[in-house]
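What follows is a short report on a single structure.
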Amino acid sequence: MDKRVLFSEQLSNLLDSGIPLIECLELLSDQKVIPKEAGQRLMLALEQGSSFSEALEREKFPGLFVSFIRAAEEHGNYAFGLKQCSAYDTAQAKWMRELGQACTYPFMVLLLVGAALVFMITAVLPRFAELYQAMGIQLPWMTKILLTGTDVLRFLLLTSGAGVCIVLILTGIARNLKKETRLRFSSLLFRLPLVRTLYRYRLTHYLSVQLGSLLRAGVPILAALELMETLAPWEELRIRIKRMKQQLMQGASLHQSIAICSPDLFLPSLNRMVAIGEKSGRLDEALLSLARMTEHLIKNKLDKFIRSLEPVLIFVIGCFIAVTVIAMFLPMLELVRAI
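Take 1 as the starting number for the sequence shown in the UniProt record's numbering and just add one per residue.
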């Protein structure tokens, strides 16, 4: 994505300077902003009469990127379309980077806790069990429960590899399921309370940022929905977008089509913002504003979850260590008391 952002920015700057498109591509190829072979193929396609969007599509550029350029061709302003591509890719990269940074700390803590737990179960506790068995010490109930629990956990660790293999196999099977079966599965998943809430935030953000960006780039609304129907990564969303598109073709407004086809799929704020945007004639700005607000809400909820997770993890780790130490040294104390 970073290379694509650099390509978009530099190409738009060169075009703004009045340099012809083919010469711009030649310059970017020489500077290794794009691979030399890809640059040559793009220039050859343009010389043979293809449009820039067609040439980019042949080079396997993302569908959204190609749509931005296609809309720019209709308006005769490649530089504007490329700036829209750059702005979209930059915003998406920033969003993913911030989410990754927010998830890094809890992930590392969970990883360290898991590693410590595995070490205790596989290395430390079995040594104590062997020692007490060799000494013939009568174990207290707490120690018996802990050692029995570690035996169960060891068994689970040994079988987890098989579990991972099964999950991978099921994932492969799910990808090859019929469309109706996949839709049933995603609909069932969407009914789960926690998953449903997360999906509504994610889908609202996805629709608002994608549709808002396409409309701002000059893509007509039906063409934008057509593209989103093709690119959407969720089967349920693709079905709803198709229904929304049909409602629009029958004369409904966008907020009416959302209310009819997808009242349960998005946050209520989407419909309100779309209605406001349609009344003001600035639908793209309303959608992008909603995307920023939803992004902020998701980050706030994630931060709140992480802040509440930290004390819980510390408490659980402390309890585990305390119980383990007490349970392991109780037999020793009883042996000393007996002497």
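Ideal placement from N, C-alpha and C gives every residue a C-beta, glycine not left out.
Between the options, which lies nearest to residue i when the distance is taken from Cα to Cα?
| i | options | result |
| --- | --- | --- |
| residue 345 | 312, 39, 12 and 16 | Any question about residue 345 goes unanswered here, given that the chain covers just 1 to 339. |
| residue 238 | 28, 37, 256 and 262 | 262 |
| residue 15 | 36, 76, 146 and 61 | 76 |
| residue 297 | 205, 145, 310 and 217 | 205 |
| residue 324 | 248, 117 and 67 | 117 |
For residue i, which residues of its own chain have a beta-carbon under 8 Å away from its beta-carbon, when the five flanking residues on both sides are left out?
| i | result |
| --- | --- |
| residue 143 | 132, 327, 328, 330 and 331 |
| residue 215 | 221, 224, 283, 284 and 287 |
| residue 32 | none |
Given that a residue counts as buried once 16 or more other Cβ atoms are within 10 Å of its Cβ, and exposed if not, what is residue i?
| i | result |
| --- | --- |
| residue 110 | exposed |
| residue 337 | exposed |
| residue 236 | buried |
| residue 71 | buried |
| residue 57 | buried |
| residue 105 | exposed |
| residue 60 | exposed |
| residue 244 | buried |
| residue 68 | buried |
Please state if the CB of residue j and the CB of residue i are separated by a distance shorter than 8 Å.
| i | j | result |
| --- | --- | --- |
| residue 259 | residue 271 | yes |
| residue 219 | residue 291 | no |
| residue 203 | residue 266 | yes |
| residue 91 | residue 302 | no |
| residue 52 | residue 78 | yes |
| residue 30 | residue 93 | no |
| residue 85 | residue 107 | no |
| residue 28 | residue 22 | no |
| residue 201 | residue 294 | yes |
| residue 125 | residue 148 | no |
Using a Cβ-Cβ cutoff of less than 7 Å, which residues in the same chain neighbour residue i once the five nearest sequence positions on both sides are dropped?
| i | result |
| --- | --- |
| residue 212 | 284, 287, 288 and 291 |
| residue 255 | 271, 274, 275 and 278 |
| residue 63 | 227, 230 and 231 |
Starting from the C-beta of residue i, find all residues in its chain whose C-beta is less than 6 Å away, skip the five residues before and the five after it, and write them out in chain order.
| i | result |
| --- | --- |
| residue 343 | Past the edges of the chain, shown from 1 to 339, lies residue 343, and the structure says nothing about it. |
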